[in-house]
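Residue numbers for the sequence shown, in this note's numbering: 5 to 598. We treat Cβ as the ideally placed atom computed from N, Cα and C, and that holds for glycine. All figures in this text were calculated on a predicted structure; none of them were measured in a lab.
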Amino acid sequence: MPLVVQKFGGTSVADSQKILAAARKAVRAHQTGNQVVMVVSAMGKNTDTLIGLAQEVNERPPAREMDMLLSTGEQVSVALMAMAIDSLGYKAVSLTGAQIGIKTDSSHTKARIHSISTDRIKTLLNEGNIVIAAGFQGIDDNLNITTLGRGGSDTTAVALSAVLGADQCEIYTDVDGVYTTDPRVLPEACLVRQVCYDEMLELASLGAGVLHSRSVEFGKKFNVPIHVRSSLSDVPGSIIVDDSETAALAVSGAALTKDEALISVFDVPDVPGTIFQIFAPIADKKITVDMIVQNVAENGNTAVSFTVPRNEVRDAIDAIQPSVEKMGGRIGLVDENVSKVSVVGLGMAEQTGVANRMFQTLANAAVNMEIITTSEIKISALVKREQALNALRTVHSEFALDKVESKEPTQLPSRDTSNQVNVAEVIERLQRDTGMESLMIDDISLDDSQSRITLSKVPNAPGIAAQLFDRIAAAGVFVDMIVQSYASSQIADITFTMPREQFDNAITVANQVCEDFGCDKVDFKKTIAKLSVSGVGLRSHTGVAIGMFQALSDANINIETMNTSEVRVNVIVDGDSGQTGIQCLRDAFRHSLR
Ligand code: ADP
Ligand code: ASP
Ligand code: MG
């Protein structure tokens, strides 16, 4: 019998009428011959209310107790849902994460799923029950209740779909599907009917809260098609699968992470190991770091800036303080008033001039970019929070995301059963060994065909990056990585890489721009090595970048610049260190290679 997992988010179970409506959807699926597992979130804004209560008694509540508290929200919903289904005349049993046997690690408030036992659910389904699972929660080895992080019920749903081999995973929410950006922020956003895992991973981790990014990791890793749709109607929504409908577009979505904080560390030595010593203690705390940028060294010292979620800025500072002091550096600037605006698109990797279009349009709107980082399929810019909405609207319109016409997929997603056995084997192995959410690396590679150019002490004002990359694109240069770092509120460094055969063209333009804008100097390296680790969910796996930093530090290799995305982490090192670098990364990640 086909098995369907249906997840209902907070707004979809916000009151008794909505709970009954959700119950009717599940019953309908049951009546049409499916086994049904429901995954339910806390009612309405209940999780927020509980967090508020906790804060009233303790500003920094112990994480274990937070999980104890927050898990009650979902427990209320599953019980009510089971009662609702009973009232419709059908059999239902509610289960908490612990009762199912969702085993997690012990990182409270952001626990990762280790294994899920399916026995009890299967028995109950075979007895004709609709099973109602509490989302977002699990249990660790010591029977402590854990939670998976805000929005984690999506992850429960896709993880359950994976282990149960479900035919459908439906995420019912309060919008019709996945839009080009949050439709509540920009009403002109368009619905996209088919999104691929990589795009969705990137969008979700950059702020598209419609799906928990780790749920997309599960989808990609275990081949679970995800159907995001409205709980208010029966219209089909968006499907997340391997293929993208918008693959040809340079940009297929935009996202905003409103609450970021920028931390800058000044006067640290520009030697191998510095980056590692700064980020290791943050990774230990499982804080996700993004937009790591480094300045050109001066007098043997450098500055490193990075962003963290605003609510984790205190923990991040506490974590790095000792090692920064030990290196003789200082935490120079903490800006909690910044937001990250990003555009994502698979087509970006194949087209020139995408970045400069974004920079130009932001410059025209007088938005200053504090920091820029790019990866193969995304560009992020850090801007002042009060300009964030304007910035998002500007780039959304520049890339015509308000005019995307999306066709309904002819076929709703169903699991490709051809490699089902393989998936089941992978799941079994992971559950037994390292855990379902453990790191999985697909590839470790070396690209030594590029050159690097850095403009240092560029005036930090709107329009300069745009001018630079406009002229670079006009010279026919295909830019790969772009990193704009932060030196002070007045100046920045801009680094970019390009194929070595285009270096001469690029350096001519860079020299002109340097003169025109009164930058300090143009620094370059003709032979660099780009070392890349690719896999799934790399940014949320805080250990990947750290693993790279550590391995390179151990091999005494200096990191010049880097970028991170959900599917790839790249670091640039000196060209002569490429071979040694790739070897030590292969050694470091040999246990995680797929
Ligand atoms: P649920 O409680 O159902 O999990 P969430 O609030 O977590 O609902 O997620 C749904 C919300 O995600 C929408 O109401 C919308 O405001 C927001 N959202 C953010 N980015 C997007 C996007 N790209 N597409 C659709 N919705 C988005
Ligand atoms: N109730 C939790 C939250 O609000 C989990 C979820 O809804 O996905 O974050
Ligand atoms: Mg959600």
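For this session: Express the C-alpha separation of residue 80 and residue 253 in angstroms, rounding to a whole number.
Result: 44 Å
Exercise. How long is the line joining the alpha carbons of residue 477 and residue 362, rounded to whole angstroms?
Worked result: 13 Å
Problem set entry | Start-to-end residues for the alpha helix (DSSP H) that takes in residue 330 | 317-330
Exercise. Would you report the Cα separation of residue 483 and residue 364, rounded to the nearest angstrom?
Worked result: 16 Å
Problem set entry | Option in 149, 292, 140, 550 with minimal Cα separation from residue 45 | 140
Problem set entry | residue 220 beta carbon less than 7 Å from that of residue 181 | no
Exercise. Pairing CB atoms from the segment 298-313 with CB atoms from the segment 163-172, are three or more of them under 8 Å?
Worked result: no
Exercise. In or out: residue 339 buried (at least 16 other Cβ within 10 Å) or exposed?
Worked result: buried
Exercise. Is residue 156 near the ligand MG, judged by its Cβ being under 6 Å from some heavy atom?
Worked result: no
Exercise. Hey, is residue 140 close to the ligand ASP, as in C-beta under 6 Å from one of its heavy atoms?
Worked result: yes
For this session: Mind reading off the beta-carbon distance from residue 552 to residue 571? Whole number of angstroms is fine, and I expect it under 8 Å.
Result: No, residue 552 and residue 571 are not in contact; Cβ-Cβ is about 15 Å, not under 8 Å.
Exercise. In the structure shown, what three-state DSSP assignment does residue 523 receive?
Worked result: coil
Problem set entry | Reduced DSSP category for residue 305 - H, G, I as helix; E, B as strand; rest coil | strand
Problem set entry | Neighbourhood of residue 378 by C-beta distance below 7 Å, restricted to the same chain and skipping five residues each side | 359, 485, 486, 567
For this session: Provide the residue span of the beta strand (DSSP E) that contains residue 496, from first to last.
Result: 495-503
Exercise. Do residue 467 and residue 533 come within 7 Å of each other at the CB atom, strictly closer than that value?
Worked result: no
Exercise. Hey, how far is the Cα of residue 15 from the Cα of residue 155?
Worked result: 12 Å
Exercise. Cβ-heavy atom distance between residue 392 and the ligand ADP below 6 Å?
Worked result: no
Problem set entry | Contact test: residue 201 Cβ vs the ligand ADP heavy atom, cutoff 6 Å | no
For this session: Would you check whether the ligand ASP has a heavy atom nearer than 6 Å to the C-beta of residue 100?
Result: no
Problem set entry | Proximity below 7 Å, CB of residue 262 to CB of residue 343 | yes
Exercise. For residue 386, which option in 460, 368, 347 has the closest C-alpha, if you only look at C-alpha atoms?
Worked result: 347
Exercise. By a C-beta neighbour count over all protein chains shown, 10 Å radius and 16 as the cutoff for buried, is residue 456 buried or exposed?
Worked result: buried
Problem set entry | Endpoints, the beta strand (DSSP E) within which residue 264 is located | 257-273
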